[in-house]
Amino acid sequence: MENYVNLICTAILAITSVVNVLLLLYQINSNRQDEAKKFWYKVSINSDDLSNCTGYFNRIISIIENNQKRNDKLLAYKDEFKNIRNFFSKTIFFDEDMKNKLDEFIYECEQECMINDNIKKEDINHMLWIILKSLYSFELNSYKDFNIKYNLQK
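Numbering-wise, the sequence shown is residues 364 to 517 according to the working numbering.
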């Protein structure tokens, strides 16, 4: 009887050891993924300098301030928002969810510019602020769970 108890205890210890090793491997893998995400974020977003993105929004402001025909404005908006989407497209390599959320928000911004004839410089700056604030929050959150927590309404 004592042999069976020892055998059961040994089996439980062996199973516990295997579970501990698996949990440790999962944690190491998770940490590597987080480090990789941080690296690629810094390489693809920060090294390309966010001033490029700011420049696209400044060009949208200049489109608003120029007296152009409506068709020309719409085409110019389309080009600039395409540039913004392209700027953030490389995020798909390390966070597909982030890319999708950015695309969704940029699409909303584009629609707002296309529909609203009376859009102002402040509205465009607010759009840029939302993106920059979301990126900053992403960094503060250890590059996890990117969210755009703000809407276009001020």
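Glycine included, C-beta positions come from ideal geometry on N, C-alpha and C. As the structure is a prediction and not an experimental result, all values here were calculated from the model.
What residue range does the alpha helix (DSSP H) around residue i cover?
i	result
leucine 465	459-478
leucine 495	484-503
Below 8 Å between beta carbons: does that hold for residue i and residue j?
i	j	result
tyrosine 440	methionine 490	no
lysine 507	phenylalanine 457	no
isoleucine 469	lysine 462	no
lysine 464	asparagine 510	yes
phenylalanine 444	glutamate 471	no
isoleucine 493	isoleucine 424	no
isoleucine 427	isoleucine 482	yes
What three-state label does DSSP hand residue i in the structure shown?
i	result
tyrosine 440	helix
isoleucine 455	helix
asparagine 421	helix
phenylalanine 509	coil
leucine 413	coil
asparagine 449	helix
asparagine 429	coil
asparagine 369	helix
asparagine 481	coil
Compare the C-beta of residue i against all C-beta atoms of chain D and say whether one is closer than 8 Å.
i	result
isoleucine 426	Absent from the structure is chain D; it holds one protein chain and no more.
ask   = Quick check: the segment 437-450 against the segment 414-422, are there 3 or more CB pairs under 8 Å?
value = Under the 8 Å Cβ criterion, the segment 437-450 counts as touching the segment 414-422, having at least three qualifying pairs.
ask   = Taking three-plus beta-carbon pairs below 8 Å as touching, is the segment 463-478 in contact with the segment 425-443?
value = Contact between the segment 463-478 and the segment 425-443 is established, with three or more Cβ pairs separated by less than 8 Å.
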